[in-house]
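Reminder that position 435 of the sequence shown reads as 434 in numbering that gives the first Met the number 0, one-by-one numbering, no gaps. Yeah, the Cβ is synthetic: ideal placement off N, Cα and C, and Gly gets one too. Everything numeric in this text was worked out from a predicted model, so none of it was measured. For reference, the structure is listed below as structure tokens.
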Amino acid sequence: MVFRRLILTTLFLWLAGVAGAVPFRGVVVDKTTQQPLVGATLIVEGTTKGTTTDTEGRFALELAAGSHRIVVSYISYLTQQLDIRVSEGMAETLVALEPDNQVLASVTVTARKNLESERALQTERIAANVAIENMGAREMSLKGISNVQEGVRKMAGISIASAGQLIVRGLGDRYSITTLNGQPIASPNPDNKLIPLDIFPSSTVKNITVSKVYEVSSYADYSGAHIDINTRENTGEPFFSVDFHLGGQFNTVGRDFYRMDHRSLFTQPAVDRRALTGSLADFRQYVKTKDIFDTDFSVSKHRALPALGGNLAWGRDFRVGRQTVSVLASGGMSNGQQTMDNAWFRLLEATGRTTDEYEYDSYASELKIAALASLSTTLRDADRISYTLFYARNAVDTYMLREGYDQESHQLLGSNDVMHVYKLMTHQLNGRHAFGERWLLRWSGSWSATSSDEPDRRQVMYLRGEDGSLSLFKLNQQETMRYFGTLDEDEWNAHAAVDYTFGAGHKLTAGLSWKDKRRDYAGTRFYYDLSKLSPVIDDPLNPDFLGFGNVADGSLTINRQKQPKDSYEAGNRIYAGYLSLDLQATPLLLINAGVRYEASQQWVRYYNDQSIRERRDLDKYDLFPALNIRYSLTDEQQLRLAASRTITRPSFIEMAPFLYQESYGSVQLRGNEALQNSYNYNLDLRYELLNRRGDMVSVTGYYKYLDEPIERVQMLAGGAAVHTFRNADKGMAAGVEIELRKALVRDLRLGINGTWMYTNVKLPEGGVYTNKERALQGASPYLLNADLTWTPRFGGERQLNLALLYNLQGPRIQAVGISGLGDVTQRPVHTLNFSAAYRFSARAELKMQLTDLLNRALVFEQEVSQTNRTVEVERYRRGTGFEIGLNLKF
0 MVFRRLILTT LFLWLAGVAG AVPFRGVVVD KTTQQPLVGA TLIVEGTTKG
50 TTTDTEGRFA LELAAGSHRI VVSYISYLTQ QLDIRVSEGM AETLVALEPD
100 NQVLASVTVT ARKNLESERA LQTERIAANV AIENMGAREM SLKGISNVQE
150 GVRKMAGISI ASAGQLIVRG LGDRYSITTL NGQPIASPNP DNKLIPLDIF
200 PSSTVKNITV SKVYEVSSYA DYSGAHIDIN TRENTGEPFF SVDFHLGGQF
250 NTVGRDFYRM DHRSLFTQPA VDRRALTGSL ADFRQYVKTK DIFDTDFSVS
300 KHRALPALGG NLAWGRDFRV GRQTVSVLAS GGMSNGQQTM DNAWFRLLEA
350 TGRTTDEYEY DSYASELKIA ALASLSTTLR DADRISYTLF YARNAVDTYM
400 LREGYDQESH QLLGSNDVMH VYKLMTHQLN GRHAFGERWL LRWSGSWSAT
450 SSDEPDRRQV MYLRGEDGSL SLFKLNQQET MRYFGTLDED EWNAHAAVDY
500 TFGAGHKLTA GLSWKDKRRD YAGTRFYYDL SKLSPVIDDP LNPDFLGFGN
550 VADGSLTINR QKQPKDSYEA GNRIYAGYLS LDLQATPLLL INAGVRYEAS
600 QQWVRYYNDQ SIRERRDLDK YDLFPALNIR YSLTDEQQLR LAASRTITRP
650 SFIEMAPFLY QESYGSVQLR GNEALQNSYN YNLDLRYELL NRRGDMVSVT
700 GYYKYLDEPI ERVQMLAGGA AVHTFRNADK GMAAGVEIEL RKALVRDLRL
750 GINGTWMYTN VKLPEGGVYT NKERALQGAS PYLLNADLTW TPRFGGERQL
800 NLALLYNLQG PRIQAVGISG LGDVTQRPVH TLNFSAAYRF SARAELKMQL
850 TDLLNRALVF EQEVSQTNRT VEVERYRRGT GFEIGLNLKF
């Protein structure tokens with residue numbers, strides 16, 4: 000409450016103290032394209048008083064009331080003189096500069112567009128050959144969006160499910176792809192095809208572009224969305240900036256926070272290498288002579304402190320002879336803690352009787368590190384080569400204390416800790432070379448190394464007696480255990496394309512692409528045999544009896560399970576070529592048609608349950624056509640039509656028949672080596688309107704037919720439910736998306752996007768699922784985003800930015816029902832965030848934001864068919880968050 004009051008008081012004083020005269024304001028744009036002009040100069044004639052436009056082409060100049068003549072100039076544009084009369088409450092002025100054709104005929108302009116502002120990106124969106132949606136760094140900053148995942152979920156038709164899984168138009172993670180600066184990038188998360196989008200902090204991002212229609216220059220394995228993350232680069236103006244912030248969760252900061260033994264999130268727990276590599280007989284002797292672990296099972300308690308974070312960025316251009324070398328470097332780090340207390344979940348049987356039920360408290364600690372370096376140079380006026388290095392490391396450590404009973408009525412208390420460390424490093428090199436006015440060569444190459452480590456997952460289980468006393472739970476000597484898992488993946492990419500422009504706006508493109516991805520996974524379990532121990536347990540959070548002393552004297556035995564079936568290798572190599580034609584059939588009609596050929600060789604090597612080595616190959620050779628049509632109704636309105644055929648390939652973990660379980664009583668997951676590719680047929684129709692004020696209206700209707708889609712299903716194995724994957728018979732997704740951006744009054748803008756969708760899938764025979772025909776898992780029938788932003792200026796540099804953001808995610812299937820039980824469904828989720836920033840000058844800005852103001856519980860329920868009722872099966876609450884930050888630029 001202290002933090003909440005402090006923030007609200009600060010905001011009140013802040014708003015009450017902001018006041019000033021109304022300046023002469025406006026925006027400078029290109030008369031032809033309406034694109035904002037960055038750095039245009041405005042001078043009051045006869046004086047030295049003036050200003051320049053910002054990254055959105057906007058300017059503000061304080062003038063005395065009365066008449067003035069303003070001279071507006073910009074390189075390669077005709078200078079314009081404005082005769083204005085300044086008065087209180089005057090409207091914003093639009094200045095449209097006309098290109099100087101004589102200058103343009105003799106000079107090659109090599110300046111790069113600054114695609115960070117909303118207005119510039121809207122212009123790019125309306126001019127694109129295919130339908131896209133985008134968001135820039137300026138909009139992300141204004142709305143308090145801290146990473147790419149938060150930015151993407153604000154777009155129409157996109158939601159985020161559990162574990163950060165992206166759902167696009169009702170289609171899950173496997174239906175989308177992610178690229179970094181146009182180049183594919185591997186995911187360190189073994190469960191998801193897409194790289195976790197929260198690994199990219201907004202401080203490293205220039206803009207995000209999302210395309211939900213297919214165009215043949217991209218790999219064909221998407222039907223949901225192609226998300227391209229463009230990292231920052233220096234665009235000419237030298238700068239050095241410092242950004243730091245303080246924040247946290249109101250239900251966490253200042254309260255008790257628990258954590259299982261570990262030094263720091265900068266490091267990760269380890270196990271003695273000899274204990275992993277030696278034979279089982281050697282291990283049994285070695286483990287008695289040395290403590291092979293650098294952690295124990297003890298749990299410590301401390302007061303949760305506010306989260307801290309910051310970012311440093313530097314950029315500058317250097318002249319080397321006639322050439323320009325642009326350099327940018329950025330690095331940031333942040334931490335955080337989150338408590339979820341009084342949460343619970345239960346499992347049901349077909350009659351509705353509860354078989355398992357647990358209450359739990361969880362305590363998650365997180366550390367994020369990201370670094371970006373960019374280097375680019377011009378060889379000639381028509382050449383550009385750039386290099387990008389991006390590194391990210393996300394470490395999340397979650398301790399959970401849970402108590403309840405299992406299906407055999409054991410009263411249990413569990414103490415367990417799970418840590419995940421995701422790492423990514425990518426090197427990218429790309430170039431553009433123009434040869435005359437007709438030929439353009441584009442090429443790129445990249446290498447990415449990703450890893451997903453689950454070091455030292457620990458669990459100890461206790462049995463509670465009728466008198467409340469605790470003893471060790473020894474059902475099968477596998478409840479108290481440790482697990483170490485590693486996953487490493489390398490991906491190489493290469494792409495080259497030649498554009499030939501001819502006639503009146505026609506362009507022919509031919510390109511080649513190559514991708515080679517390799518993955519290695521291995522896991523090792525250590526089980527504690529407690530049969531010789533019967534300790535008195537006074538403090539379950541500090542189990543000293545599991546220490547090395549009892550191992551050394553033989554009263555406690557550690558067994559290692561490192562079977563061949565606990566590992567697999569996988570790879571995918573794709574050779575591709577494509578042809579694409581942009582045909583300006585009439586001044587109003589643009590046709591983009593193309594075809595792509597992909598030769599895909601996908602394989603997985605694994606061991607079956609009998610430890611026999613096997614290999615599954617999935618080689619396919621396919622053609623993927625695509626058609627995109629843009630018809631301009633007026634200068635401000637257009638229609639777009641898109642049709643395509645794409646593919647969905649099974650992920651590596653879905654093909655590897657490897658059994659995985661995170662903790663006692665949790666879901667068991669096993670891959671299916673018999674999976675086949677799925678094919679998708681996509682149709683989109685969109686209407687767009689964008690006027691000079693930046694107002695936008697977009698309406699899209701879409702339909703997707705899914706041929707043998709891959710679905711996550713449940714089977715019974717030994718009486719337990721095991722999640723696996725199968726090709727369904729068919730599926731479909733259809734819906735309508737509406738987007739609106741509108742300036743209500745001066746400085747006040749409203750943004751709304753909403754989606755209504757219908758999805759359906761027919762599952763194959765042989766499963767134990769209750770509904771063989773249902774909506775796609777993770778799909779919500781409706782989604783809504785709304786934001787209200789107010790951005791008044793006070794003088795030339797001072798500006799206030801306020802943003803209120805609302806998100807509604809409709810009900811969705813969390814888990815498919817089996818054995819007569821209905822599906823587990825998440826109730827609708829309402830989220831409200833608030834962001835505020837005040838720029839004192841060009842060098843200083845103060846920011847504040849509140850997240851999840853509604854603080855509503857996330858609730859999951861399941862239908863019981865036999866009794867025709869719905870039972871709540873899980874509930875938890877994340878809590879409201881806050882953050883205060885300061886940005887300094889030099």
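For I69, the enclosing beta strand (DSSP E) begins and ends at 65–72. Between the C-alpha atoms of Q121 and T387 there is a straight-line separation of about 26 Å. The alpha-carbon separation between N679 and G504 amounts to approximately 31 Å. Residue pairing by DSSP puts E873 in a beta bridge opposite F344, F859. Counting the other Cβ atoms within 10 Å of the Cβ of T824 gives 16 or more, which makes it buried.
Separation of G171 and P195 (C-alpha to C-alpha, rounded to the nearest whole angstrom) is 14 Å.
Under the three-state reduction of DSSP, R517 is assigned to strand. Note that the C-beta distance between S202 and A312 is below 8 Å. Going by beta carbons, P183 and Y218 fall inside the 8 Å limit.
V270 has its alpha-carbon roughly 6 Å from the corresponding atom of I291.
In its chain, beyond the 5 residues on either side, A185, T449, R518 have a beta carbon closer than 6 Å to the beta carbon of E488. Counting only unbroken stretches of 3 or more residues, the beta strand (DSSP E) elements lying wholly within the stretch 160–227 are 165–167, 176–179, 204–210, in sequence order. By the Cβ-count criterion, I646 is buried, with 16 or more other Cβ atoms from all chains shown falling within 10 Å of its own Cβ. By DSSP's assignment, V129 forms no beta bridge with any residue. Secondary structure note for Q410: it is in no alpha helix (DSSP H), and the uninterrupted beta strand (DSSP E) holding it is 410–434. For F839, the number of other beta carbons within 10 angstroms of its own is below 16, and it is reported as exposed. Residues of the same chain with a CB within less than 6 Å of the CB of Y686, apart from the 5 flanking positions on each side, are L638, V698 in chain order. Restricting attention to beta strand (DSSP E) runs no shorter than 3 residues, the stretch 437–461 encloses none. Assigned with DSSP and collapsed to three states, I611 falls in coil, not helix or strand. In the three-state scheme derived from DSSP, where H, G and I count as helix and E and B as strand, P563 is classed as helix. When secondary structure is reduced to three states using DSSP, V535 falls in the coil class, being assigned neither helix nor strand. The closest CA to that of V417, considering only Y362, V712, F239, is found on Y362. Closest in alpha carbon position to P563, among N681, S512, S375, S278, is S278. DSSP lists no bridge partner for E232. D543 sits exposed, since fewer than 16 C-beta atoms from the chains shown fall within 10 Å of its C-beta. Within its own chain, the residues whose Cβ lies closer than 8 Å to the Cβ of D355, once the five positions on either side in sequence are excluded, are R345, L346, G403, Y404, D405, Q406, G664, listed in chain order.
CA-to-CA, the gap between Q284 and N393 works out to about 36 Å. Collapsing the DSSP output to three states places F651 in a helix. In the DSSP annotation of this structure, Q476 is not part of any alpha helix (DSSP H), being labelled neither H nor E. Cβ neighbours of Y875 within its own chain (closer than 7 Å, five residues either side excluded): M339, A342, A856, L857.
For Y702, the enclosing beta strand (DSSP E) begins and ends at 695–706. Taking C-beta atoms as the reference points, L853 and T830 count as a pair closer than 8 Å.
Around the beta carbon of Q248, 16 or more other beta carbons sit within 10 angstroms, so the residue counts as buried. Per DSSP, the continuous beta strand (DSSP E) segment holding L96 begins and ends at 92–96. The secondary-structure analysis by DSSP pairs F282 with nothing; it has no beta-bridge partner. Residue nearest to A732 within the set H722, V744, R773 is R773 (criterion: CA-CA distance).
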